[in-house]
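A.B. asks:
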Amino acid sequence: MIEDKSIVKVGMADLNIAKLPGVIRTTGLGSCVGLTMYDPQLKLAGMAHVMLPSSDIAREGKLNTAKYADTALPELLEKMLKMGASQSRIVSKMAGGSQMFAFSGAGDTMRIGPRNADSCREMLEQLKIPLLAEDTGGNYGRTIEMNCETGLLTIRSVQMGVKEL
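The sequence shown begins at 1106 in the working numbering and counts up one residue at a time.
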């Protein structure tokens, strides 16, 4: 089934694009969010592995734009458009954003997963890209894969098995 497809891997704090007959995949989504953009006419899929909600907290010298929701999503959209995608056709799905550890009295700062998911939703709204489906929250990790031919997002987790969006 997957053997005849080329697999584009997206690392942590990374983003990439895949086209037919490809599949695009990222692993290790805990509090991180795997956000996909898809142009159904071109069968073009993009994915970002977002680690943190906002680049306002960035301390690194050269900013890794793929690391933050507020910079990764516009960059992913720009890459999609350069490949010929139309912003009016692009749709999105996302998964991840778990609260991996319980913290008592830590307030909002330790709620990285839920904040990542919220930031992605806000950016999609600003970019006017519809979010068709999501599998976010919980307290478990996920691996996600998008099929360029169908736009189907497959989510795998030890706790919940396989889910398709």
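Just so it is clear, CB atoms sit at the ideal spot from N, CA and C, and this is done for glycine as well.
1) Could you give the distance in angstroms between the alpha-carbon of I1107 and the alpha-carbon of E1227?
2) Thinking C-alpha only, which one of N1252, S1193 and A1200 is nearest P1126?
3) Less than 6 Å between C-beta atoms, sequence neighbours within five positions excluded: which residues of the same chain meet that for I1129?
4) Assuming M1142 and L1186 are in contact, meaning their beta carbons sit under 8 Å apart, how far apart are those beta carbons, in whole angstroms?
5) Looking at the unbroken alpha helix (DSSP H) that takes in E1227, where does it start and where does it end?
6) If distances are taken between C-alpha atoms only, which option among Q1204, A1174, L1270 and V1196 comes closest to E1239?
7) With H, G and I counted as helix, E and B as strand and the rest as coil, what does DSSP make of D1119?
8) Kindly indicate the opening and closing residues of the beta strand (DSSP E) around T1132.
9) To the nearest angstrom, report how far apart D1161 and Q1204 are at their CA atoms.
10) Can you give me the Cβ contacts of N1121 inside the same chain, cut-off strictly under 6 Å, excluding the 5 residues immediately before and after it?
11) Please name the residue in D1144, A1163, A1177 and C1225 whose C-alpha comes closest to that of A1188.
12) Can you tell me where the alpha helix (DSSP H) holding K1167 begins and where it ends?
13) Under the rule that 16 or more other beta-carbon atoms within 10 Å means buried, what is S1191, buried or exposed?
14) Quick one: grab the DSSP three-state call for M1251.
C.D. replies: In this structure, then:
1) On the sequence shown, residue 1107 is found 2 positions in, with the first residue counted as 1. On the sequence shown, residue 1227 is found 122 positions in, with the first residue counted as 1. With a pLDDT of 44 at I1107, under the threshold of 50, the predicted position of this residue should be treated as unreliable, and no value is reported.
2) Working through the sequence shown from its first residue, we reach residue 1126 at position 21. Nearest C-alpha to P1126: N1252.
3) Position 24 of the sequence shown holds residue 1129. Closer than 6 Å at Cβ, skipping near neighbours: V1113, A1123, A1150, M1152 and M1251.
4) On the sequence shown, residue 1142 is found 37 positions in, with the first residue counted as 1. On the sequence shown, residue 1186 is found 81 positions in, with the first residue counted as 1. No, M1142 and L1186 are not in contact; Cβ-Cβ is about 10 Å, not under 8 Å.
5) For this step, residue 1227 is matched to residue 122 along the sequence shown. If you look at E1227, you'll find it in the alpha helix (DSSP H) that goes I1217 to L1232.
6) The residue you call residue 1239 lines up with position 134 of the sequence shown. With distances taken between Cα atoms, E1239 lies closest to L1270.
7) As a position in the sequence shown, residue 1119 is number 14, starting the count at 1. Correct three-state label for D1119: coil.
8) Stepping through the sequence shown from its first residue, residue 1132 is reached at position 27. Its beta strand (DSSP E) spans residues V1128 to L1134.
9) Locating residue 1161 in the sequence shown gives position 56, counting from the first residue. Locating residue 1204 in the sequence shown gives position 99, counting from the first residue. Answer to the nearest angstrom: the Cα atoms are 21 Å apart.
10) Taking the sequence shown and counting its residues from 1, the one referred to as residue 1121 is at position 16. So the list reads V1113 and V1115, once near-sequence residues are dropped.
11) As a working mapping, residue 1188 is identified with position 83 in the sequence shown. Before going further, note that residue 1188 is Met rather than Ala in the sequence given. That would be D1144, whose Cα lies nearest to the Cα of M1188.
12) For this step, residue 1167 is matched to residue 62 along the sequence shown. No alpha helix (DSSP H) contains K1167, which DSSP labels as neither H nor E.
13) Looking up residue 1191 in the sequence shown gives position 86. Under this definition S1191 is an exposed residue.
14) The residue you call residue 1251 lines up with position 146 of the sequence shown. Strand, per DSSP.
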